[in-house]
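*Asks:*
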Amino acid sequence: MIASTHLVAGAFSGLLVQKLLLENPNVIKGIGAGFCAGFASHLILDAIPHQDYGIEGYALGGILFVEVLAVFYLAFYSVHKAFTNWIIFFGMVGAAFPDLLGMVYEHGFRLGWLYNVDRLLHVFHSNPNAVYKIGILSQLILAIFMSLGARVRK
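The opening residue of the sequence shown carries number 752 in this note's numbering; numbering runs sequentially from there.
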């Protein structure tokens, strides 16, 4: 999946946790639940047939930078309670965490256990021979619907 899809799903998951599961809001529980919900959303989304970027290096870094800025802007544009912002943020961190571990392994610490954890987290990662444009378009549509759902919160 592209980064924006995972980040929006993480933010949306964090909001759902805050709305539906937390009866007595507590910062630590909220942050932990947001992270776990975002993490779970990553695993679920990676099981759906999709297309990744297909590029590497500085071009990928530039795209990731723009995506992360755009998603953060959309997620935190309107004023929320600080508590809600923390849940959204850690939902996004949880959603990005499996790929961050993979990036740490690929571009830094080539430790065997880190590789094994990355492979375990991506055991359901689909790898279809899909058309690139359709794969990216479906993810953008999914991200738009989730961000609209997140904007309707109160």
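Every residue, glycine too, gets a C-beta built ideally from N, C-alpha and C.
Roughly how many angstroms separate the alpha carbons of F786 and M843, rounded to a whole number?
*Replies:* Going from the Cα of F786 to the Cα of M843 covers about 7 Å.
*Asks:* For the alpha helix (DSSP H) containing R870, list its first residue and its last residue.
*Replies:* Counting along the chain, the alpha helix (DSSP H) containing R870 begins and ends at 863-872.
*Asks:* Of the choices A821, L865, L872, whose alpha-carbon is the least far from that of I795?
*Replies:* Per the Cα distances, L872.
*Asks:* Are there 16 or more other CB atoms within 10 angstroms of the CB of A810, so buried, or fewer, so exposed?
*Replies:* Exposed.
*Asks:* Please report the Cβ distance between A788 and S764, rounded to the nearest whole angstrom; I am assuming they are in contact, meaning their Cβ atoms lie under 8 Å.
*Replies:* Correct: roughly 4 Å between the Cβ atoms.
*Asks:* F860 by DSSP, collapsed to three states: which one?
*Replies:* The answer is coil: DSSP assigns F860 none of H, G, I, E or B.
*Asks:* Count the other CB atoms within 10 Å of the CB of M897; is the residue buried (16 or more) or exposed (fewer)?
*Replies:* Label assigned to M897: buried.
*Asks:* With distances taken between CB atoms, is the gap from E818 to L758 smaller than 9 Å?
*Replies:* Result yes, Cβ atoms of E818 and L758 sit closer than 9 Å.
*Asks:* Using C-beta distances below 8 Å, list every residue in its chain close to I947, excluding the 5 sequence neighbours before and after it, in chain order.
*Replies:* Summary: the structure shown does not reach residue 947, with the chain confined to residues 752 through 905, and so no result is reported for it.
*Asks:* Exposed or buried, what is V778 when buried is set at 16 or more other beta-carbons lying within 10 Å of its beta-carbon?
*Replies:* Looking at its Cβ environment, which holds fewer than 16 other Cβ atoms inside 10 Å, V778 is exposed.
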